[in-house]
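Residue numbers (this note's numbering): 1 to 293.
No residue lacks a Cβ here, since even glycine has one placed at the ideal position from N, Cα and C.
Note that the structure is a prediction, hence the values are computed from the model and not measured.
Notes follow once the structure below has been shown.
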């Protein structure tokens, strides 16, 4: 089903500025704040724990000192994973609410209908999607390195030709990587929507998301690139320093920046939800009925 970008943006902004939008902005802000505390605290500072064995677990690291870089990276990754688990059910309820067009209250069926199963499926689907993006990026990068090194080792090409050839290969590789990543992002943009609204499993969500954008790939891609760029830019500015180098400026500005990022995140979520509703003509009865009101 075709959709009009102007209409879904207008509907999404209206929903994001409603009472329900404010509720979700607060919930996302609290969840992200918890994530920041975990990443900054767990990922950068050593806290000794007595496990009752009499063995010093921390080695030569002083209590309150910085963790080794690898250990800090692993701890931050685990903390980020925990935050993802916390935010997934919030995202599921937000998607259901915005697809249903609710503004002043969240129906119980959106809160409790198979929420546990949907959360597990959402976490697994997000992990597989991240793994797919990594494989695509790593594969293209590896192929590019091999190609550039191969051209550089060709004794048949003079230096005046080998240099530009390597630059050309690098440029083509970068463009190919961008094109493939955009393709992956667009086709699997609605994974969580399929899980939340149509109660699909993990594999079914991948198939359903692919089918959802069929026939509207260009418009979905244009909207997705714009919204993801805006959200990523705001999130990068709002991200606090993970090193133990907080200043008074960071303490004062980070909460406001994170609150603004949460608001932008809700707006983007609402617009994507309305886009999904426009693209899907086979919504379950509770969502189809709400869409017609």
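Starting from the C-beta of residue i, find all residues in its chain whose C-beta is less than 6 angstroms away, skip the five residues before and the five after it, and write them out in chain order.
i, result
"residue 147", "169"
"residue 190", "209, 212, 276"
"residue 270", "12, 15, 16, 98"
"residue 223", "5"
"residue 262", "25, 28, 29"
When burial is assigned at 16 or more other CB atoms within 10 Å of the CB, is residue i buried or exposed?
i, result
"residue 164", "exposed"
"residue 273", "buried"
"residue 174", "exposed"
"residue 200", "buried"
"residue 296", "Because the chain spans 1 through 293 in this model, residue 296 falls outside it and cannot be assessed."
"residue 38", "buried"
Alpha carbons only, please: which of the options is nearest the one belonging to residue i?
i, options, result
"residue 28", "250, 133, 94, 272", "94"
"residue 256", "235, 187, 85, 5", "235"
"residue 104", "278, 225, 23", "23"
"residue 214", "188, 226, 25", "188"
"residue 85", "112, 122, 108", "122"
"residue 227", "133, 268, 250, 145", "268"
"residue 295", "167, 36, 143", "No information on residue 295 is available, as it lies outside the stretch 1 to 293 that the chain covers here."
"residue 284", "182, 253, 193, 186", "193"
"residue 7", "263, 225, 167, 219", "219"
"residue 287", "9, 166, 113, 143", "113"
"residue 221", "260, 248, 186, 252", "186"
"residue 216", "279, 184, 260", "279"
"residue 202", "134, 125, 167", "125"
"residue 237", "260, 248, 172", "260"
Among residues of its own chain, excluding the 5 on either side of residue i, which ones have a beta-carbon nearer than 7 angstroms to its beta-carbon?
i, result
"residue 33", "258"
"residue 110", "93, 96, 97, 100"
"residue 89", "115, 119"
"residue 106", "20, 93, 97"
"residue 177", "137, 140"
"residue 196", "92, 95, 96, 118"
"residue 265", "28, 231"
"residue 184", "132, 133, 136"
"residue 182", "221, 225"
Kindly list the residues whose CB is nearer than 8 angstroms to the CB of residue i, restricted to its own chain and excluding five residues on each side of it in sequence; keep chain order.
i, result
"residue 180", "136, 140"
"residue 31", "83, 86, 87, 90"
"residue 18", "103, 104"
- Message: Taking 8 angstroms as the cut-off, does the stretch 228 to 235 touch the stretch 127 to 144 (at least 3 CB pairs, one atom from each stretch)?
- Response: Result no; under three Cβ-Cβ pairs closer than 8 angstroms.
- Start-end ranges of the beta strand (DSSP E) lying completely within the stretch 172 to 220, minimum 3 residues: List check, beta strand (DSSP E) in window: nothing returned.
- Query: At which residue ranges does the stretch 90 to 119 contain complete beta strand (DSSP E) runs of 3 or more residues, listed in the order of the chain?
  - Reply: Taking only runs of at least 3 residues, no beta strand (DSSP E) segment lies wholly in the stretch 90 to 119.
- Message: In chain order, what are the residue ranges of uninterrupted alpha helix (DSSP H) at least 4 long that sit wholly in the stretch 240 to 283?
- Response: With a minimum length of 4 residues, the continuous alpha helix (DSSP H) runs that stay inside the stretch 240 to 283 are 248 to 279.
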